[in-house]
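Asks: Okay, so the sequence shown: first residue is 1033 according to the working numbering, each after it adds one.
Quick reminder that beta carbons are idealized off the backbone N, C-alpha and C, glycines included.
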Amino acid sequence: NTDENQGIARDFNIYAIPTLLVFREGHIIDQIVGAFPKEALKQKLNTFI
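(1) Which partner residues does Phe1055 have in the DSSP bridge list?
(2) Only counting the same chain, and skipping five residues up and downstream in sequence, which positions put a Cβ closer than 7 Å to that of Glu1071?
(3) Taking just the CA atoms, how far does Asn1045 sit from Leu1077?
(4) Suppose you measure from the CA of Gln1063 to the CA of Asn1037; what does that come to, to the nearest Å?
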């Protein structure tokens, strides 16, 4: 909730909702901004698995 956690949103440069950050070993490897159809989001996330 960016309204309740404005500092975290600022730290991660979240300016739009929804924003999904993908981490690997503690580092952001991708940022997905905006609403996506379920299948498109699944395809995108499967590239990280």
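Replies: Walking through what the data contain:
(1) Walking along the sequence shown from the start, residue 1055 turns up at place 23. According to DSSP, Phe1055 bridges with Ile1060.
(2) As a working mapping, residue 1071 is identified with position 39 in the sequence shown. Result list for Glu1071: empty, nothing under 7 Å.
(3) What you label residue 1077 is simply residue 45 of the sequence shown in a count that begins at 1. What you label residue 1045 is simply residue 13 of the sequence shown in a count that begins at 1. Going by the C-alpha atoms only, they are around 20 Å apart.
(4) Position 31 of the sequence shown, counted from the first residue, corresponds to residue 1063. Position 5 of the sequence shown, counted from the first residue, corresponds to residue 1037. Each residue's alpha carbon lies about 18 Å from the other.
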